Structure formats: structure tokens, C-alpha cells
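Asker: One structure follows; several queries about it will come next.
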Amino acid sequence: MAAPRRRPTLARREARWGVLFLAPWLVGFLVFYAGPMVASLWLSFTDYDIVNPPRFVGLDNYRQMLADPMVARSLRNTVYYTVLHVPLTMAISLGLALLLNRVGRLSGFFRTVFYLPVMTPAVAVGILFLLLLNTQDGLVNGFLGWFGIDGPSWTTDPAWVMPGIVLMSLWSLGSTVVIYLAALQNVPRELHEAATVDGAGSWQRFRSVTLPMISGALFFTLIVNTIAALQMFTEVYTMFFGNQSTQQRFDADASTFYVIYLFQQAFQFLHMGFASALAWLLFLVILVITVVQLRLSKRWVYYESEES
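This is the structure we're talking about:
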């Protein structure tokens, strides 16, 4: 006589349903993320131009990367931009969030106003700032001229190309402002009241109460903005590489970011194997920086759940 079939337990049924609901995400992850990553890792060891089959070349692409001066130059430009962009974005966003936190009911309106530029297409932002930063008739230099200041050549002077790009990048800090505003509104008012009773001034309350309580949001935006800055592409490409005939060589060198150089190697010169190696180097750089930030966060990020 056959043994009776055991009915699945509740935990097993829940696990099956969980896998079923996760299936679309898992398929998407394997097809659009994991698969291309494995393929790019393989291509980084090959000579591949799309037309001909990949030819295995070992570590030649990585050796070429070390010998190519434009790799170092583009990586240096990207790091320079990141070092300028991330602290400025966080500081200005925190200042705006502190102001919005004081305006009361109007904070919702101004929050929307600050966030709307984030919705602007990146290509449109590049074109807009190419016009704003124009040396002859740009609005930025026109505004400086009202004060008797001769505006610099934002798009042609190598010394001012990067500051101009950083100025452009501040257009889209609205998302960081919204995050900081939400964090500020979650700071318990009782802590400020207790600090005031103890005689703490505005700066002392900000440093000892506000900053620790929003340190989690600061840490999150530090990581996200750093990763985004290291992958800067669309706006800069639109500004400086949309019309190559108007650009001089030193302009291209001053404005070539790492991802732009990667894009050129892949889709202009069809060096897919070399571009894949460049992509994996960028992945490792972002990974190392993120790990360092995670390690250092233990010294300054405060979590209420860690209270004993």
C-alpha cells in the first residue's frame, strides 16, 4: 500500500510563493545584470570589434590600460570632479534643507521647486548649461559683468572647464535636499529642547544633536553621490563632445571623463575588449571607495538601534 503523500507545510508554501513573486526580478537580474557582467568580464580578456569573433588576448587589454595616458588623465578628471562635486552638493543641500525645515507649510512648495530640476533630461541640462556658460553671450558671464567681473572661458579654458562642470552639476541637487529635509523632520524635538535647557546654543545643537541624528542620511547621500559622480557622462558628453568640430584638443583632454573615454573606445573605435577592461577597472575603483566609506562610517554614523 502506497504511503500517503505529505502535504506541504505552511513555510514551504510561503517559500514557493515567495520564489514565484521574485521570479520576474530574478530573471531580469540574470538577463540584464549578471549575464552582461559575466560577458564583459570575458570580453575584457579578448580583442573584439563586434564585426569579428572575440579573440582571446589574455591580459593585453589591462597592460594597454596601464600604458595609455588618457586612462590616467580621464580617471584624474573624474576623481577631481568627484572631490569637488560631492562635498559641495552635500553642503549646499544641507543648507537648503535647513532653510526649508524652518518655513513651515511652504516647505512642500519649495521642496517641489528644488526637486523639479532633477526631472529635467540630462541631455537638456547639458545643452542648457552650454548656452549659460558661453563665453561671449552666456547668462553666467553676463551676470558677472554687472559687477564689473570679466567672466572666464568656462568651456574653452582648461583651468575653468571643471569648475564649470561642477557648477552645472549643482542643478540637480534637489533629490539630496529632499532626503536631508526628511531626515531633519525626523529629529526628535525633545532633544533640541533638552539641549536648549542645558544651555547649548544654535551651533552646539546643530553639531551635537542635528548632525548625529541625520548622519545616516548624510552617509547614504555620500555613497550615492560618489558613485554617480564617478559615472558622470551624459551632461558632459552633450556639452563638449556633441560637436567635435568646435572643440580644440586641450578642451577634450580637460573635459574627458572616465566613462566618456570608455564610451569612445567601445562605440567610436569599436575596441569592445579594451572598453570592457576599462569598465571593470571602474567597478573596482567604485568598490574600493565604497568599502572604505563603509569602514569609516563606523566612526561617525549614529544609529538609534545601536543604543544599549
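Every letter in the sequence shown is one number past the one before it in UniProt numbering, and letter 45, counting from 1, is 45.
Cβ coordinates follow ideal geometry from the N, Cα and C atoms, glycine included.
Keep in mind it's a predicted model, so treat the numbers as computed, not measured.
According to DSSP, simplified to helix, strand and coil, what is S245?
Answerer: In this prediction, S245 has a pLDDT of 48, which is less than 50 and means its spatial position is unreliable; what the coordinates show is noted afterwards. S245 falls in the helix class under three-state DSSP.
Asker: Please name the residue in A229, G242, I179 whose C-alpha comes closest to that of L282.
Answerer: The option with the nearest alpha carbon to L282 is A229.
Asker: Can you round the beta-carbon distance between residue 315 and D47 to whole angstroms, since I take them to be within the 8 Å contact cut?
Answerer: Within the shown structure, residues of the chain are numbered from 1 to 308, placing residue 315 beyond reach of any answer.
Asker: For chain D, is any of its Cβ atoms less than 8 Å away from the one on V161?
Answerer: The structure shown contains no chain D, having only a single protein chain.
Asker: Taking the Cβ atom as the reference point for each residue, do L132 and L139 lie within a distance shorter than 8 Å?
Answerer: The answer is yes: Cβ separation under 8 Å.
Asker: Thinking T256 and V123 are a contact (beta carbons under 8 Å), I'd like their distance in whole angstroms, please.
Answerer: 18 Å between Cβ atoms; not a contact.
Asker: Do L211 and A97 have their CB atoms nearer than 8 Å?
Answerer: The answer is no: Cβ separation not under 8 Å.
Asker: Hey, which unbroken runs of the alpha helix (DSSP H) at 4 residues or more fall wholly within the region 43 to 91?
Answerer: Taking only runs of at least 4 residues, the alpha helix (DSSP H) segments lying wholly in the region 43 to 91 are 60 to 67.
Asker: If you drop the 5 nearest sequence neighbours on each side, which residues of the same chain put their C-beta closer than 8 Å to that of M90?
Answerer: Around M90: T176, L218, T221, L222, N225.
Asker: Could you check the C-alpha separation between L75 and F274 for me, to the nearest Å?
Answerer: Roughly 15 Å between the two C-alpha positions.
Asker: What I want to know is whether the C-beta of V166 ends up closer than 7 Å to one or more non-hydrogen atoms of the ligand ATP.
Answerer: Inclusion of the ligand ATP in the displayed structure is not the case, the ligand content being empty and no account of it being possible.
Asker: Secondary structure at Q136, three-state DSSP: helix, strand or coil?
Answerer: Note: Q136 maps to coil in three-state DSSP.
Asker: Whole angstroms is fine: what's the gap from R111's alpha carbon to V118's?
Answerer: Between R111 and V118, the C-alpha separation is close to 12 Å.
Asker: Among the candidates S172, F263, T120, L10, whose CA atom is the shortest distance from the CA of H85?
Answerer: Comparing Cα-Cα distances from H85 to each of S172, F263, T120, L10, the minimum goes to S172.
Asker: Check whether the region 266 to 280 touches the region 39 to 53, taking contact to mean three or more Cβ pairs, one atom from each stretch, closer than 8 Å.
Answerer: They touch, by the three-pair rule.
Asker: Residue range of the alpha helix (DSSP H) that V292 falls in?
Answerer: Per DSSP, V292 belongs to the alpha helix (DSSP H) from 272 to 297.
Asker: Do you know offhand how far A72's Cα is from W160's?
Answerer: Cα to Cα, the separation comes out at about 20 Å.
Asker: Give the DSSP-derived three-state secondary structure of D157 in the structure shown.
Answerer: Correct three-state label for D157: coil.
Asker: Just to confirm, are M162 and Y80 a CB contact at a threshold of 8 Å?
Answerer: Yes, the Cβ-Cβ distance between M162 and Y80 is below 8 Å.
Asker: When you compare only the Cα positions, how much space is there between R12 and W25?
Answerer: About 20 Å.
Asker: Tell me the DSSP secondary structure of M1 in three-state form.
Answerer: Interpretation of M1 is limited by its pLDDT of 49, a score under 50 that renders its predicted location unreliable; the figure taken from the coordinates is listed afterwards. M1 falls in the coil class under three-state DSSP.
Asker: Measuring straight from C-alpha to C-alpha, what distance separates F267 and S44?
Answerer: The straight-line gap from Cα to Cα measures roughly 15 Å.
Asker: From T135, G28, P188, L100, pick the residue whose C-alpha is nearest to that of G174; which is it?
Answerer: When only C-alpha atoms are compared, the closest one is L100.
Asker: Which residue wins for smallest C-alpha separation from F114, given the options L170, A200, P53?
Answerer: With distances taken between Cα atoms, F114 lies closest to L170.
Asker: Which residues mark the beginning and the end of the alpha helix (DSSP H) in which residue 315 is found?
Answerer: Because the chain in this structure spans residues 1 to 308, residue 315 falls outside the shown range and cannot be described.
Asker: Mind pulling the alpha helix (DSSP H) runs of 4 or more residues that sit fully within the region 8 to 43?
Answerer: Runs found: 10 to 29, 35 to 43.
Asker: Given a threshold of 16 other Cβ atoms within 10 Å of its Cβ, counted over all protein chains shown, does L66 qualify as buried or as exposed?
Answerer: With fewer than 16 other Cβ atoms within 10 Å, it is exposed.
Asker: Taking only three categories from DSSP, how would you classify Q265?
Answerer: In this structure, Q265 counts as helix in the three-state DSSP scheme.
Asker: Based on Cα-Cα distance, which residue from Y180, L181, F206, A182 lies nearest to L191?
Answerer: Minimum Cα distance to L191 is reached at F206.
Asker: When the Cα atoms are used, what is the spatial distance from residue 311 to W154?
Answerer: No statement about residue 311 is possible, as the shown extent of the chain runs from 1 to 308 and does not include it.
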